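Colleague: Residue numbers (my numbering): 27 to 176.
A virtual CB, placed ideally from N, CA and C, is assigned to each residue, including glycine.
Given the structure is predicted, the values throughout are model-derived calculations rather than measurements.
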């Protein structure tokens, strides 16, 4: 088992916070560096943190422009200045927001799994069943594919 037990919780406005036996909650951050330093020496937990970091980065890369595009078009619609060109912004922005949400959900699962591994908890203690997620984006056909396997 580990030297200290780590717990994580999601903040009110998003973002993860963690605590140990002798420290109160601190922000994990997008790259998870403070929590990775805490988990040093546990390769399996660090691998899950690496997956958290890569999925969180993809969520930010797709979410920021998607949110900007949707917000711009919605702001113009509220101001009665909506144009046909704003429809394109919505058609691009909404899928980006959905893709961002999928990456965020996946990254949340990886940070929870990293903490369970670090604390030495059984894998099935959290989910009760094994969930494998696959996500594919095909730019030639402009299609989205999200698969859950149980």
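Of all the options 87, 43, 68, 46, which has the alpha carbon lying nearest to the alpha carbon of residue 143?
Modeller: The shortest Cα separation from residue 143 among 87, 43, 68, 46 belongs to 68.
Colleague: Identify every residue that forms a DSSP beta bridge with residue 45.
Modeller: Beta-bridge pairing links residue 45 to 33.
Colleague: Quick check: the stretch 80–90 against the stretch 99–119, are at least 3 beta-carbon pairs closer than 8 Å?
Modeller: The stretch 99–119, when compared against the stretch 80–90, does not touch it at the 8 Å Cβ threshold.
Colleague: Identify, in the order they occur along the chain, each residue of the same chain with its Cβ nearer than 7 Å to the Cβ of residue 123, setting aside the five sequence neighbours on each side.
Modeller: 89, 92, 93, 96.
Colleague: Between the beta-carbon of residue 32 and the beta-carbon of residue 42, is there less than 8 Å?
Modeller: Taking 8 Å as the Cβ cut-off, residue 32 and residue 42 do not qualify as a contacting pair.
Colleague: What separation, rounded to the nearest whole angstrom, lies between the Cα atoms of residue 102 and residue 46?
Modeller: Straight-line Cα distance between these residues: approximately 47 Å.
Colleague: Is the beta carbon of residue 129 sitting closer than 8 Å to the one on residue 84?
Modeller: A contact, by the Cβ cut-off of 8 Å.
Colleague: Less than 8 Å between the beta carbons of residue 34 and residue 138, yes or no?
Modeller: Result yes, Cβ atoms of residue 34 and residue 138 sit closer than 8 Å.
Colleague: Give the single residue among 117, 127, 79, 104 whose Cα lies nearest to the Cα of residue 140.
Modeller: The residue with the shortest Cα to Cα distance from residue 140 is 79.
Colleague: Do we get a CB-CB distance below 8 Å when we pair residue 61 with the residues of chain D?
Modeller: In the structure shown, chain D does not exist; there is a single protein chain.
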